[in-house]
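To start, the structure under review is shown below, and the notes come after it.
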Amino acid sequence: MKRILIIRLSAIGDVVFASPMIDALRQAHPRAHIAWLLEPAQAELVRHHPGLDEVIVLPRGAWRALWRARRYATLAHELRTFVQTLRTRGFDTAIDLQGLFKSGVWAWLSGARRRIGLGSREGSGLLMTEVHPRGGEDALIGSEYRFLAARLGLDTHDFAMRLALPEAAIQTAEARFGERSPIVLAPFTTRPQKHWFEEAWRALIPELAQTFQAPVVLLGGPDDRVAGERIVADLPALNLCGQTSLAEAAAIIHRARLLIGVDTGLTHMGTAFERPTLCLFGSTRPYLRTESPVTRVIYHALPCAPCKRRPTCGGAYTCMRDITPDEVMHHAQILLGNASAP
């Protein structure tokens, strides 16, 4: 492997989980040129990683805009130019960590002779020269990527998630909070069955602010801003949903005193940055073991959980409702040393 292309186009959490592959590949191939192909929204998570030589951004949003505008000739020209530019990099090996057709096709288009797929489906296995199963321990964080690394002969002894931040984002977080370390809440994700209830967040926020005497901040995307305002209304908390870039949100998490969140990429960043983190899981349970002494998972193993994308509770989401603010506060105090572990 002299020129290696990692492909994991999205989403934020999976890019975080897959980040140990960079160091594992770099350790095995110290002189290799290692690049990562991904979408613009996730690019800032790995752009400054010291183990990467290059980040290649796939402008799918711009291409979709051209398609909607029926500018087909321009779209065809841009696609052709992107593929030609990708091929000029001369990749020997492409590793598709996403395992879908939309990612596998780029492994094939890269021109790499060795194309490695992780659990390839949607026909993408036909585009690979070798396919490895999604193995590992279900309860272990990022286990499928660790499993693939081991199959490729890479060292997985220290398979730790690692992100690197731009200096500008760090300075923005410092300017906002000064010497204070905020308590960060990440209440939002793409599926409602993964959410904790707004009234639970509202009951928790005053307890956090009073107990830890720290600013409480909500992070999320632009679509979460209205819900964030409902949660913080008349409470001692700041809604920053949709008001930061991803890099700035990551910088705030990097300096957090405590992070509490549902199964979303921002929550997983807390573990990557080794900040005290509480994960509230229910319909999904991406891991129970984090190998981090400062991350705790709150998960009630109901018979129907994890149901993933097929809830059977008729919208009751009992797995999340059974997590109480008192339970979260108890674990928060343990993490921050204000209570003894059970």
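In short: position in the sequence shown from 1, add 1129, done, that's my numbering. All C-beta atoms in this analysis are idealised placements derived from N, C-alpha and C, irrespective of residue type, glycine included. The model shown is predicted, which means the values in this text are computed figures rather than measured ones.
By the criterion of a C-beta distance shorter than 7 Å, Asp1152 is surrounded in its chain by Gly1180, Arg1291, once the five residues flanking it on both sides are discounted. Beta-bridge analysis with DSSP links Asp1225 to Ile1136, Gly1246. Relative to the Cα of Ile1135, the nearest Cα in the group Leu1215, Phe1341, Arg1193, Ile1299 belongs to Leu1215.
Taking the Cβ atoms as the reference, Tyr1416 lies roughly 6 Å from Ala1268, within the contact range of under 8 Å. Only buried fits Gly1390, as 16 or more other CB atoms lie within 10 angstroms of its CB. Considering only Leu1226, Leu1238, Thr1447, Met1150, the residue with the shortest C-alpha distance to Phe1211 is Leu1238. Boundaries of the alpha helix (DSSP H) harbouring Phe1211: 1201-1217, taken from the DSSP string. In the three-state scheme derived from DSSP, where H, G and I count as helix and E and B as strand, Thr1424 is classed as strand. Just so you know, the alpha carbons of Leu1367 and Val1345 end up roughly 6 Å apart.
Cβ-Cβ distances below 7 Å link Leu1364 to Arg1331, Ile1334, Pro1335 in the same chain, with the five nearest sequence neighbours on each side left out; the list follows chain order. Going by DSSP, Thr1400 is part of the alpha helix (DSSP H) stretching over 1394-1401.
Asp1451 and Thr1396 have their C-alpha atoms spaced approximately 20 Å apart. In this structure Lys1437 is exposed. Its beta-carbon is surrounded by fewer than 16 other beta-carbon atoms within 10 angstroms. Going by beta carbons, Lys1323 and Thr1447 fall outside the 8 Å limit. Residue pairing for Glu1183: DSSP places it in a beta bridge opposite Ala1164.
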